[in-house]
Every structure is written in C-alpha cells, then in structure tokens.
Amino acid sequence: MTQLTFATESNPSPVSAADREAILADPGFGNHFTDHMVSVVWRKDSGWGDARVHPFGPIQISPAAAVLHYAQEVFEGMKAYRHEDGSVWTFRPDKNAARMARSCSRLALPELPEADFVESLRQIVTTDKAWVPAYGTGETSLYLRPFMFASESFLGVRPAHEVTYSVIASPAGAYFSGGLKPITLWVSQHFARAGQGGTGAAKTGGNYASSLAGQLEGIAQGCDQAVFLDSATQTYIEELGGMNLFFVMKDGRLRTPELTGSILEGVTRDSILELAKDLDLQPEEGRIALQEWKDGVASGEITEVFACGTAAVITPVGELRWEGGSVPSTAGEGGGEVTKRIRERLLDIQYGRAEDTRGWMTRL
Ligand code: COI
-17 MTQLTFATES NPSPVSAADR EAILADPGFG NHFTDHMVSV VWRKDSGWGD ARVHPFGPIQ
43 ISPAAAVLHY AQEVFEGMKA YRHEDGSVWT FRPDKNAARM ARSCSRLALP ELPEADFVES
103 LRQIVTTDKA WVPAYGTGET SLYLRPFMFA SESFLGVRPA HEVTYSVIAS PAGAYFSGGL
163 KPITLWVSQH FARAGQGGTG AAKTGGNYAS SLAGQLEGIA QGCDQAVFLD SATQTYIEEL
223 GGMNLFFVMK DGRLRTPELT GSILEGVTRD SILELAKDLD LQPEEGRIAL QEWKDGVASG
283 EITEVFACGT AAVITPVGEL RWEGGSVPST AGEGGGEVTK RIRERLLDIQ YGRAEDTRGW
343 MTRL
C-alpha cells in the first residue's frame, strides 16, 4: 500500500511568539493547543485519503455523525520530547500504532497503517516544532493526541462508511498539579469501568466516560482517583481508568495486574516491566486481589505503590480508601525510592539522557 502524502495549509493567524512562550512556561495539562492539526479521511469505497495538515480549529460534522450517537471512536496518547541538542523524539510509536489498530478492530473502525500513523505525528510535530518545550524545563513535552471517529452522517447502527482520523498537539507539564505528591485512591465498588468481552482493553472514549462516576464518587470522598476492580467478582485490582498500577514488593518483585482483556495495555506499563530488569527488580504480571493490598501493606511486604501512564508518567500512590475501610500510604511525602528510580530511568531515556539500548525512541 502506498503511503499517504500530506498537503499543508498554514494557519494564517498563529498564536504570537510571546503568547506561545507564556503558555510553554506553565502549560499545565490539556489546556492549550498548537496552531495546526492533522486530518485524514477514510471512505468505505476508496480507503484513506485527503491527508492534510491544517489550522487547529472546530471540526464540522453533521449532528447525525455516528460518533455522537454510538461512540464509535478510539484515541491514543503520546509525547514528543526535546533533547539537549534541540532534536525532537517520540517514544515507542510502533506500540501506539499497534494498540490503535487493536482498538480499531474492537470498535469496527478501519486501521491506519503504522507508517501513516508515524508520518502523521511527524507532520504535526515538524509543523508546530516551536511548541515543543525546551530541553531542561522539567517534565514538559508536547502531548500528542491521535484520534479516530465515525464522521458519517447516518443513524443506523452499523460500522460507519466514513471515518476521520486526526492528531492534535498540546504542550504539557505534569498531569497532577501536586508533582510527586502521592495520590489518594478510592475503590470504586458501585461502578465498573469494563467487563469481560467488553471494550476495556481498547483505548476508546466510552471506557473513560464510564470511569467518571466512580471518579466523582472518589473525589466526593476526598480522593484523587478511583481504582476499578474486576467487574465479575469485585475481587481483583484492574486499573485507574487512565493509568495502570504497580506494586513494589520487599523481596524485589515488581507486580502489576495481568492483562485480562478488560485492562488497557499501557505502553508505559509495558516499558516499566522491561526496565525493571535493568534495576534488579523481578517483574511479575498476575491477578492481585484487593485483600493482598491490605495484607501486603500491613505485613510490610508491599513497600511502594505507583500508577503509570503516558500523561502521568509515574505517580506515587498513597492511601487507598473504600466504603468502610482504608489502607495507609507507604509513599512518604514524595514517593518511594524504587518509584523514583524507575521514573528517573524512564524519563532519562525519553529525554535522551540515557542510552536508548532498546531502540524505543523515534526521531520526528
Ligand atoms: C495518557 O496517559 O496519555 C492517556 O491517554 C490517559 C489520560 C488520563 C490522559
């Protein structure tokens, strides 16, 4: 299959250099967007085409667009990192392309070839390179959000015959404003995020929508995030909705819930399992019961807990609460030592400070 060729329409009124610098000095997360975006359209009879880089702005779709009614949508989350020599890189784009293809297959959307996916990232980052934060400005990056949705105007329930793929970019600082302050988790027992045979492993908006009620319940209880259990038995820990979980064990194991089909296959999760070996930790995937969290902290067997994801990187987890109980924090003020070591190792690779022995970085 021949690769897509992108036409470019420059933004006639980009954000001024002064305003851009002010945004880059304190971007927060998800608040600001670059001057351009990418769009590609798929039509059932002709496949992918109309690849464009164009000014960032509202998308015109019919009120009958299938995505608005039946949620046929998938997305990805990635980052572009500025290295010390000024070059810009992204992390394991092949993994995101493959995951998006799996999400597309689950949501009955067409797959975008990996080469076109990576080229779409290169197009937006090259066009809006000035928006990639400077090296050495902490944990800042340009967050990339590829997404695909059913843009066909049609109210029958079937896979759409017209689909739009886009990429937007947003300068990003830390996902949690408290930095390395441990987050408090709430066990969502009334609301499940995903079930067996459902879409839990796909990166689709519906999973995030269904996590919000549990999240709100947690916030009402003074927590930062909700943790979801397996919906069938409410016994085993799954994930946070937007992040995977890890447990540092006293005996050197680094445990994370296994991929059961209802957990998102995090790229950061997978990378940590690999990096653990460099740090003399034994990675272990398996079922982890909520009871093991309680017992492990009480006995001292669990020494640290952290959450991970592209946006949040690695965030220490503090106290765990649920209706009628809690597990105290093992994290101290700024997270445990192992959590901090894994985090540094990952960030050093992403920002080009450590040798990329696994070929994870791709220059954009
Ligand atoms: C990411 O980590 O990139 C995600 O898509 C999760 C979301 C909570 C921002």
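For what it's worth, my numbering labels the leading residue of the sequence shown as -17, then goes sequentially. Here a beta-carbon is modelled for each residue, glycine too, at the ideal position from N, C-alpha and C.
Any beta carbon from chain B within less than 9 angstroms of residue i's own beta carbon?
| i | result |
| --- | --- |
| residue 142 | Absence of chain B from the displayed structure is noted, only one protein chain being present. |
Please classify residue i as buried or exposed, where buried requires at least 16 neighbouring CB atoms within 10 angstroms.
| i | result |
| --- | --- |
| residue 139 | exposed |
| residue 278 | buried |
| residue 51 | exposed |
| residue 37 | exposed |
| residue 378 | Nothing can be reported for residue 378, as the shown portion of the chain is limited to -17 through 346. |
| residue 239 | buried |
| residue 312 | buried |
| residue 319 | exposed |
| residue 104 | buried |
| residue 184 | buried |
| residue 335 | exposed |
| residue 134 | buried |
| residue 172 | exposed |
| residue 281 | exposed |
| residue 61 | buried |
| residue 8 | exposed |
| residue 120 | exposed |
| residue 248 | buried |
| residue 226 | buried |
| residue 13 | exposed |
| residue 314 | exposed |
Is the separation between the beta-carbon of residue i and that of residue j shorter than 9 angstroms?
| i | j | result |
| --- | --- | --- |
| residue 82 | residue 93 | yes |
| residue 197 | residue 207 | yes |
| residue 317 | residue 297 | yes |
| residue 46 | residue 136 | yes |
| residue 34 | residue -12 | yes |
| residue 290 | residue 254 | yes |
| residue 128 | residue 344 | no |
| residue 147 | residue 30 | yes |
| residue 154 | residue 193 | no |
| residue 144 | residue 170 | no |
| residue 300 | residue 166 | yes |
| residue 162 | residue 322 | yes |
| residue 151 | residue 57 | no |
| residue 229 | residue 309 | no |
| residue 274 | residue 242 | no |
| residue 131 | residue 331 | no |
| residue 295 | residue 157 | yes |
| residue 236 | residue 214 | no |
| residue 2 | residue 113 | yes |
| residue 256 | residue 340 | yes |
| residue 180 | residue 244 | yes |
| residue 149 | residue 23 | no |
| residue 91 | residue 141 | yes |
| residue 98 | residue 18 | no |
| residue 96 | residue 79 | yes |
**Report entry** Whole alpha helix (DSSP H) elements within the stretch 198 to 263, 4-residue minimum
**Finding:** 249 to 260
Relative to the ligand COI, what is the chain-ordered list of residues with a Cβ closer than 5 angstroms to any of its non-hydrogen atoms?
59, 224, 291, 292, 293
Notebook entry, point to check: What residue ranges within the stretch 84 to 134 form continuous beta strand (DSSP E) runs of no fewer than 3 residues, ordered along the chain?
Noted result: 123 to 132
What are the start and end residues of each continuous alpha helix (DSSP H) run of 4 or more residues lying completely inside the stretch 270 to 335, in chain order?
-> 272 to 281, 319 to 332
Practice item. Return the chain-ordered ranges of every alpha helix (DSSP H) run that is complete within the stretch -5 to 56 and spans a minimum of 4 residues. Key: -1 to 7, 48 to 52
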